[in-house]
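Read top to bottom, the protein sequences are chains A and B. Just add 34 to wherever you are in the first sequence, counting from 1, and you've got the working numbering. Just add 440 to wherever you are in the second sequence, counting from 1, and you've got the working numbering. Ideal Cβ positions, reconstructed from N, Cα and C, are used throughout, including at glycine. Data first, discussion second: the structure below is written as C-alpha cells.
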Amino acid sequence: MKLKTFLPRVSFGRLFGRKALAGFLSVMAVGMLAGAAWLAGYPFYTDLRAAQEQKRLAASFETTSVKHSYQERSFTEGSALTRMVIPKLSLDTVVVEGVSLKALAAGAGHYPRTPLPGELGNVGIAGHRTMNGKPLSNLQELTTGDRIILITPLAQFTYEVIPAFGGHANPWVVHPNDASVLQPTDEPMLTLTTCHPRGSAKQRMVVRAKLVGMESVA
Amino acid sequence: MTIHALKGIGESEVGKKDGGILLRIAAADVRLAGDIATTEPPCCALATTGGPVYGYLAGAALMALLALALLAYVRRLRTTV
C-alpha cells in the first residue's frame, strides 16, 4: 500500500515549513520505534523481574522470619509464604502472600482468605500462565495422581491431583468470577488457579488436589 | 470448652477414670495469639494471572510499522522539492 493512500493530501510542508515538519515527524517516528521496542520487550522484562524477585524470596524463605510468621499466622502481602514444587511441570517456585497484581509479579500468590498450607480446608494459590515467570504455564498437563508439594518452614505437605469430580474434569475451566472453587472443603485440599486460555484473562483454569502426606521439617 | 479425649474408648468427664486416664482440670488459662484462621473465599473474582503477551507483541508490530511508514514519508518530504 502506498503511503499516499492513507496520509492526508494536505501540504503540511507548505503549512509548517518542510524542514520543521520533517524534523517533528522524525522525532515522532523514533519515539514510536522506542515504544514498539518497549511493548515487545515488556513480557520478557516481567519474566526477568520475576526471576529476580524469586531469588530474593528464596533467600528470605531461609530466614527465621517466615517461621515466625507461621507461628503468629501473620503474613504481609508480598512476603514469602511457601515453596511450591510440582515435579511433573519441573516447577519450583516461592509463593507469596496475596494475589494483587503487585504480589503476583513474583509469579504465584496465596489467596489471603484461604487456609495456610496443610491446614484443614481449601488452600488457594494463583499463578501466572503467561508473563511474570509464568509458573503455571502448563497447568493443563496435570492429571490424577500428580504431586504438588508445598514446603513451609514447619512442614512439607504433599498433595495429589484428584480424579474428575462434581461433573467436570480436573483440571477444569471456570468463569473469572466463579470464586466458588475456593469454597472451604471438609478435607484438606489445594486449589490452583491460572488464566485461560493462555495469554487471556477471559476464563480461569483450576486444579484441585488433596493432602496425602505431611513431613515435619527438622 | 469440650474435650474429646480418647474418643471411641469411652465417655470422658472431669474427674472420671476413662480408659485408664484420670482427667482433672483444676484451672485453665487459654491465650490466643494472632488472627483466627478464616476460610472465607474471595468475594468476587479469581486472580488475574494471564498477561496479554500477544497483545503486546501485536501492538509493538503495529507501532513499528507506523513508525517506518512515517520515516518513509519524512524521507520523501526531504527529497522532493
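Only residues of its own chain outside the window of five on either side were considered, and among them LEU150 have a CB closer than 8 Å to the CB of ARG107 (chain A), listed in chain order. If you check the CB distance, LEU170 (chain A) and THR228 (chain A) come in under 8 Å. For HIS162 (chain A), a Cβ of chain B is located within less than 8 Å of the residue's own Cβ. Runs of beta strand (DSSP E) with 3 or more residues, each lying fully within the stretch 139-210 of chain A, are found at 142-144, 156-161, 181-185, 189-195 and 206-208, listed in chain order.
Counting C-beta atoms within 10 angstroms of its own C-beta, THR177 (chain A) has fewer than 16 neighbours from the protein chains shown and is therefore classed as exposed. Below 8 Å, enough C-beta pairs join the stretch 486-503 of chain B and the stretch 155-170 of chain A to call them touching: three or more. Looking only at A:GLY201, A:SER234, A:GLY152 and A:GLY69, the smallest Cα-Cα distance to VAL246 (chain A) is reached by A:GLY152.
Two segments are said to touch when three or more pairs of C-beta atoms, one from each, lie closer than 8 Å; by this definition the stretch 199-215 of chain A touches the stretch 232-252 of chain A. Contact check for ASN172 (chain A) and THR225 (chain A): beta-carbon distance about 17 Å, past the 8 Å limit, so the pair fails to qualify.
VAL133 (chain A) reaches chain B at ALA487, counting residues in chain order whose Cβ is nearer than 7 Å. Taking 8 Å as the threshold, the shortest C-beta distance from TYR76 (chain A) to chain B falls below it.
DSSP places THR519 (chain B) in the helix class (H, G or I) of the three-state scheme. Around the beta carbon of GLN88 (chain A), 16 or more other beta carbons lie within 10 angstroms, which makes this residue buried.
The distance from the Cβ of PHE95 (chain A) to that of SER103 (chain A) is about 11 Å, inconsistent with a contact at the 8 Å cut-off.
Chain-ordered, the chain B residues with CB closer than 8 Å to the CB of LEU55 (chain A) read LEU517. Nearest to PHE199 (chain A) by C-alpha distance, out of A:VAL215, A:ARG232 and A:SER124, is A:VAL215. For ASP126 (chain A), the secondary structure class from DSSP, reduced to helix, strand or coil, is strand. Within the model, the alpha-carbon separation for ILE185 (chain A) versus GLN174 (chain A) is close to 22 Å. Scanning chain B for C-beta atoms nearer than 7 Å to the C-beta of MET165 (chain A) yields GLY491 and VAL493, reported in chain order.
Beyond the five residues adjoining it in sequence on each side, SER250 (chain A) comes within less than 6 Å, by CB distance, of ALA189 in the same chain, given in chain order. DSSP links THR227 (chain A) through a beta bridge to A:ALA160 and A:VAL240. With 16 or more other Cβ atoms from the protein chains shown falling within 10 Å of its own Cβ, VAL100 (chain A) counts as buried. For LEU59 (chain A), no beta strand (DSSP E) encloses it; the enclosing alpha helix (DSSP H) starts and ends at 52-95. Minimum Cα-Cα distance from GLY112 (chain A) among the listed residues A:ILE182, A:ALA74 and A:ALA140 corresponds to A:ALA140.
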